[in-house]
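The sequence shown runs 1 to 158 under UniProt numbering.
All C-beta atoms, glycine included, are put in the ideal place defined by N, C-alpha and C.
Okay, so here's the structure we're looking at.
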Amino acid sequence: MAPDSARTICRTVTEADDGAETGGILLGRVQDDGTAHVRHAGTPGPAAIRTPNYFLRDLAHAQHLAEAAFRTDGSIWIGEWHTHPRVDAVPSPRDLLTYSTLLADPALAFDVVLAIVIGPLLPIATTRVVGWACTTTGVTAVSIDSEVLLLPEELRGT
Ligand SMILES: [Zn+2]
């Protein structure tokens, strides 16, 4: 994960201290060997739906970010990230339904949907940041390689 992406996620999680989920899209490339490079992480956008147990990105905002990232470095939409303020960093049944809908859409041509789930947010000592590779055959936890701490220092001890 590129440092700027990790910083965007840190900042967005810190700002969303209202108990509602937050998140955004992930843009980059998936190499032939299966390694995903996250070059840009999105913010939720003004029209995102944020509740304590559900997040839906602002589609127009996400499309704008995707177009800008593609122009910048050829990055494409490879997945999404979101928080679970109160529950573990495991995709919920509703999350899995979202990912399978994306995988089933031929226009999107996803072989794999990359998901990063962060939770629970309190207490901070229990927070985990977990990457998930979602395909039509199942969901697997994957490691995240980032030079930047994905958890903001400001959240610690609060
Ligand atoms: Zn979720």
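Any idea what DSSP makes of residue i, helix, strand or coil?
{"i": "T140", "result": "strand"}
{"i": "V148", "result": "coil"}
{"i": "F55", "result": "strand"}
{"i": "R94", "result": "helix"}
{"i": "D18", "result": "coil"}
{"i": "V13", "result": "helix"}
{"i": "H84", "result": "coil"}
{"i": "A41", "result": "strand"}
{"i": "T127", "result": "coil"}
{"i": "A133", "result": "strand"}
{"i": "residue 221", "result": "Residue 221 is absent from the model: the chain starts at 1 and stops at 158."}
{"i": "A36", "result": "strand"}
{"i": "L121", "result": "coil"}
{"i": "A115", "result": "strand"}
Using CA coordinates, which residue listed in the options is at the minimum distance from residue i?
{"i": "A68", "options": "G28, V130, A16, T140", "result": "G28"}
{"i": "P120", "options": "A2, A6, V30, G19", "result": "G19"}
{"i": "T136", "options": "L97, V90, T43, R50", "result": "L97"}
{"i": "V38", "options": "G138, I25, P91", "result": "I25"}
{"i": "R71", "options": "V30, H40, Y54, T51", "result": "H40"}
{"i": "F110", "options": "I49, P3, V30", "result": "V30"}
{"i": "I131", "options": "V87, A60, L122, I144", "result": "Inspection of the sequence shows that residue 131 is occupied by Gly rather than by Ile. Minimum Cα distance to G131 is reached at I144."}
{"i": "D88", "options": "A62, P123, L149, A133", "result": "P123"}
{"i": "S75", "options": "E15, D95, P85, A36", "result": "A36"}
{"i": "C134", "options": "A125, D95, D73", "result": "D95"}
{"i": "W77", "options": "P85, Q63, R86", "result": "Q63"}
How many Å lie between residue i and residue j at the Cα?
{"i": "residue 192", "j": "T140", "result": "Because the chain is modelled from 1 through 158, residue 192 falls outside the range shown and cannot be assessed."}
{"i": "V142", "j": "V117", "result": "11 Å"}
{"i": "P93", "j": "S100", "result": "11 Å"}
{"i": "G157", "j": "D17", "result": "Bear in mind that a pLDDT of 43 at G157, under 50, signals an unreliable position, so the number given afterwards is only what the model happens to contain. So the two alpha carbons sit approximately 14 Å from each other."}
{"i": "E147", "j": "A6", "result": "8 Å"}
{"i": "residue 172", "j": "G79", "result": "Lying outside 1 to 158, the shown extent of the chain, residue 172 is not represented and no answer is given."}
{"i": "A115", "j": "T12", "result": "16 Å"}
{"i": "V129", "j": "G42", "result": "16 Å"}
{"i": "A107", "j": "M1", "result": "26 Å"}
{"i": "A60", "j": "I49", "result": "13 Å"}
Could you tell me how far apart the beta carbons of residue i and residue j are, in whole angstroms, since I believe they sit closer than 8 Å?
{"i": "V90", "j": "L103", "result": "Contact doesn't hold; Cβ gap of about 18 Å is too wide."}
{"i": "P46", "j": "E21", "result": "Not really, about 16 Å apart at Cβ, beyond 8 Å."}
{"i": "G23", "j": "W81", "result": "5 Å"}
- Task: Give me every residue whose Cβ sits closer than 5 Å to any heavy atom of ligand 1, in chain order.
- Result: S92, D95
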